[in-house]
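Chemist: Sharing a structure below in C-alpha cells format, with a few things to ask.
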Amino acid sequence: MGRLEGKIALVTGASRGIGRATAKLFAAEGAKVAVLSRTPAGVDAVVADIQAAGGTALAVPADAGNADQIKAAVDKVVAAYGGLDILVNNAFDATVAYSSILDLSAEQLQRNFDMGPTAYLHFMQAAYPHLKASGTGRVINFGSMAGIIGLAGMGPYNMAKEAVRALTRTAAREWAGDKITVNNILPIAETWGPEANVPPATNPLGRYGSPEEDIAPVVLFLASKDAQFMTGYSLTPDGGSIIDSAR
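The opening position of the sequence shown corresponds to residue 1 in this note's numbering, with each subsequent residue numbered one higher.
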C-alpha cells in the first residue's frame, strides 16, 4: 500500500472496466485521482466508491473527443489538487471499432483517430507542463493487440491503436529529458457483460484477464517508482497472446 502516496493522477475512460479498476487501485495506493468519463453518473459512482474506501477522488465529466473539454479537464484537476503526476489515456469509443478495410469510410476512421491518438495527444499536450513540473511524470497510453496482429474486421481500431503506439514512442524520446516516462499497455481483459457471445480464450494462460486483478496492477507498476527506468515500451498483460511481438 502507498506506492502512489502524494501523487496526483488523471484516468480517462474511468467509469467502467479497466479505467475504473485503475482509478480505484491508484486511490487505494495513496493517489488523488481525477475520474474522467463522458457519463456523469458513471464518474460519480466511481468517485463515491473511492471515497467510501477512504480515498480521494474528483469527478471530471468530459468528452475525450473534444479538445476544449480536455484542456478544461486538466485545468480542473490542477486547480483542485495543485498539479498532475500521472496521466492514464484509456478512453475510447468502442462502438465504431469494427469495419473491414474494403468497407471503411473516412468518417469512421476519423472517429477512431479522434477518440484515440488525437485525444491522447491533446491530453498529453495539456498535461505536459504539469508532468514536467512533477519531476517524475508518467504517461500511460492504451494500445491494443488488435493493431499488432491486424485483427480482421477491426481496420479503423487497429490503425488508431498503432498510431497510439507511435505517439508513445516519439513522446518517450522527446520527453525523457523532462523526466517524463511514456509507455503503452496492450491488455486483454473481460470487460463485457454476461450477455456477450465471446469465444473462449485461446492464449497460453487459457483465460481472459480481470481488470482488477490482472490489468490495473500493471498500470500501477508503470505509474510507480518501480518503472522509473522504463520508457517507450508496450507491456502486454494478455495471458501470452502476443509473446515477443509487442515491442
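Just so you know, even glycine gets a beta-carbon here, dropped at the ideal spot from N, CA and C.
1. So, under 8 Å CB-CB, A223 and L4 are touching, yes? Tell me the CB distance rounded to an integer number of Å.
2. Per the DSSP calculation, G234 is bridged to which residue(s)?
3. Closest to S241 by CA distance: which of Y208, Q228, L10, A14 is it?
4. Determine the direct distance from the alpha carbon of G13 to that of V182, and round the result to whole angstroms.
5. Which whole-angstrom value is the C-beta distance of I86 and I215, which I expect to be below 8 Å?
6. Excluding the 5 residues preceding and the 5 following A41 in the sequence, name in chain order all residues of the same chain whose CB lies nearer than 7 Å to its CB.
7. Need the endpoints of the beta strand (DSSP E) that L36 sits in, please.
8. Taking the continuous beta strand (DSSP E) assigned at N197, which residues delimit it?
9. In the structure shown, what three-state DSSP assignment does P204 receive?
10. DSSP three-state label for T141, please.
Modeler: Concretely, from the data shown:
1. A Cβ-Cβ distance of about 6 Å is found for the pair A223 and L4, placing them in contact under the 8 Å criterion.
2. The question names Gly, but residue 234 in the sequence shown is Ser. In the DSSP assignment, S234 is bridged to N184.
3. Per the Cα distances, Y208.
4. Straight across, the Cα-Cα distance linking V182 with G13 is about 18 Å.
5. Taking C-beta atoms under 8 Å as the contact rule, I86 and I215 fail to qualify, at a distance of about 16 Å.
6. If the five residues before and after A41 are omitted, its C-beta is found closer than 7 Å to no C-beta atom of its own chain.
7. Segment 32-37, the beta strand (DSSP E) holding L36.
8. Neither: N197 is in no beta strand (DSSP E) and is coded neither H nor E.
9. In the three-state reduction of the DSSP assignment, P204 falls in the coil class, being assigned neither a helical nor a strand state.
10. Note that residue 141 is Asn in the sequence shown, not Thr. Note: N141 maps to strand in three-state DSSP.
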